[in-house]
Amino acid sequence: MVLCSLFDFLPFLIFVSFESLESRKEYRVSSFENFLGFRGRSQSFKPVNFRALYEFVDLHQDGDAYGSGPCSRIFYSRNRDHYPDRRFQAPRDIFLYGRGGAKNIRFEGEHDEIVRLRFNKLLNGNRTCRSVSSRDFNRQLCVGSENFSVKRVTSTGETGPQVFDVPWPNAPPVQRDCLCSNRSLPMNVKSTSNIVEVHFTVKSMDALDDYNNLFFEGTWDFIKTSPCMQKRRVRGPSGEIRYKAPIIDEDEKNCEKYPWLIEPGPNQYLYVKMHGTIMSNTSKCATKNRIVVHTGGAIHVSVCPRPPAESRHYVVEVFSDGWAVSSNAMILAPGQDPVRTIAVEFIVEEPDTYTVTWLELTRR
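For reference, each letter of the sequence shown is one residue, going -18 to -1, 1 to 346 in mature numbering (1 follows the signal peptide of the UniProt record, and there is no 0).
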């Protein structure tokens, strides 16, 4: 038996499985020149008995190759005419499923552009995770499962599409929205920076999981805007970030939604302090404004900067990842050094003034 003339569907790979009485063999065929043949001896009392199963595997992925992962892709604004349908999606190659994995998609605009994403489809493999809109964090959060999510950049161990802004080079991204259910679809997302990443991570996959039950799909576009000219990246042995709303300076208005990054020096950690209380489901707050703190590239807490009168003298203290604040805390071994930066976001809807202070710490 010879299998041939099956390549009208390229760019596909053909996966063929031969099953005979004696054994089972599997092959991957990926070019016109390749063919498969089966030869066997037959006798009247021992006839040849086999069957051949084949499947076309879609190898196509949108965008350009990016990084070292087989699933990671990138879309450049300068090459937008090379991507005619402006679509991004999870891969359809079944060999990229089944043992856990990750797909990262990156969108790079010009300095005077932001990225607009629209998620149209999401399949979560019947995971129990759900997407919840949080007013305290001003974004979609994933609740209920650590095995599936889609985020817009900063990883927290959940699974599925996650969206991240990348405001600074050589620094952790800032997590925006996390998607893990289709109830909120279609969903539109606008970045604050000109670079955005979508991380799609699925844990605990089995042999039956593929793109038919774990998948996402959306469209993208780059939009012109007035760029933020401030770096909003500070360092030093100590200092403060002062935020006043409403913003009067025209140049600063373009940075209204931009976060601040605090970087410690070599072998240093950070201690960050602000007035307020940490928000929870039962917390009360006298303002709609919030201060969101990110540590180690992940969302840490949302702070109410104007708590009720009985809590008006409270402060919130945040330490860099890896800083042991109790005698029972473990100190990480060399080679496992965590990300020590801290990012601060001001979510402001009402006029007010806030101050966040920091101090570098050294382990002795």
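Cβ coordinates follow ideal geometry from the N, Cα and C atoms, glycine included.
TODO: Identify every residue that forms a DSSP beta bridge with Met169.
DONE: Phe101
Task: Which listed residue (Cys162, Cys286 and Tyr225) has its alpha carbon closest to that of Asp334 - done: Tyr225
TODO: Return the Cβ separation of Arg109 and Cys53 in integer angstroms, given the expectation that the two are a contact with Cβ distance under 8 Å.
DONE: Contact doesn't hold; Cβ gap of about 19 Å is too wide.
Open item on the list: Here's the rule: buried if 16 or more other CB atoms are within 10 angstroms of the residue's CB, otherwise exposed. What is Ala325?
Closed with: buried
Task: In DSSP terms, what Lys85 is bridged to - done: Phe182
TODO: Pick helix, strand or coil for Asn61, following the three-state DSSP scheme.
DONE: DSSP places Asn61 in the helix class (H, G or I) of the three-state scheme.
- [ ] Provide the residue(s) that pair with Gly126 in DSSP beta bridges, ordered along the chain.
- [x] DSSP lists no partner for Gly126.
- [ ] Evaluate Gln43 with the Cβ neighbour count: other Cβ atoms within 10 Å of its Cβ, from every protein chain shown; 16 or more gives buried, anything less gives exposed.
- [x] Gln43 should be labelled buried.
TODO: Taking 7 Å as the cut-off, decide whether the C-beta atoms of Gly289 and Gly258 are in contact.
DONE: According to the sequence provided, residue 289 is Pro. The question's Gly does not apply to it. Yes, Cβ-Cβ distance for Pro289 and Gly258 is below 7 Å.
Task: Cβ separation of Ile223 and Trp242, assumed to be a contact under 8 Å, to the nearest whole Å - done: Indeed they touch by this definition, with Cβ atoms about 5 Å apart.
Task: Cβ-Cβ distance between Arg121 and Arg158 below 7 Å - done: yes
TODO: Please check the pair Ser113 and Ser186, which I expect to be a contact at CB under 8 Å, by giving their CB distance rounded to whole angstroms.
DONE: So it is not a contact: roughly 19 Å between Cβ atoms.
- [ ] Please confirm whether Val297 and Lys266 have their CB atoms less than 7 Å apart.
- [x] no
Open item on the list: Quick check: Asn176 and Leu105, are their CB atoms within less than 7 Å of each other?
Closed with: no
Open item on the list: According to DSSP, is Phe119 part of a helix, a strand, or is it coil?
Closed with: coil
TODO: Within its chain, find whatever has a CB closer than 7 Å to the CB of Ser59; leave out the 5 residues flanking it on each side and keep chain order.
DONE: Glu90, Gly91, Glu92, Glu95 and Phe204
- [ ] Mind reading off the beta-carbon distance from Val274 to Phe119? Whole number of angstroms is fine, and I expect it under 8 Å.
- [x] 6 Å
Open item on the list: Going by beta-carbon coordinates alone, are Val156 and Val180 separated by less than 7 Å?
Closed with: no
Task: Cβ shell of Lys206 (< 7 Å), same chain only, five flanking positions each side left out - done: Asp94 and Glu95
- [ ] Report the option in Lys85, His64, Leu78 and Ala268 whose CA atom is closest to the CA atom of Leu41.
- [x] Leu78
Open item on the list: Looking at the strands, I want to know which residues DSSP matches up with Asn106.
Closed with: Leu196
Task: Opposing strand residues paired with Tyr296 [DSSP bridges] - done: According to DSSP, Tyr296 bridges with nothing at all.
- [ ] Determine the direct distance from the alpha carbon of Met211 to that of Val321, and round the result to whole angstroms.
- [x] 26 Å
Task: Environment of residue 349 [buried if 16+ CB atoms lie within 10 Å] - done: Here the chain covers residues -18 to 346 and nothing more, so residue 349 does not appear.
Task: Cβ shell of Thr337 (< 6 Å), same chain only, five flanking positions each side left out - done: Glu222 and Arg224
Task: Where the alpha helix (DSSP H) containing Glu332 begins and where it ends - done: Note, Glu332: premise wrong, no alpha helix (DSSP H); not H, not E.
Open item on the list: My output table needs one value for Leu78: the three-state DSSP class, helix, strand or coil.
Closed with: helix
Task: For Lys213, three-class secondary structure by DSSP - done: coil
Task: Among Asn271, Cys237, Leu123 and Asp147, nearest to Gly279 - alpha-carbon criterion - done: Asp147
Open item on the list: Checking 7 Å against the spacing of the C-beta atoms, do Met261 and Cys237 come in under that value?
Closed with: no
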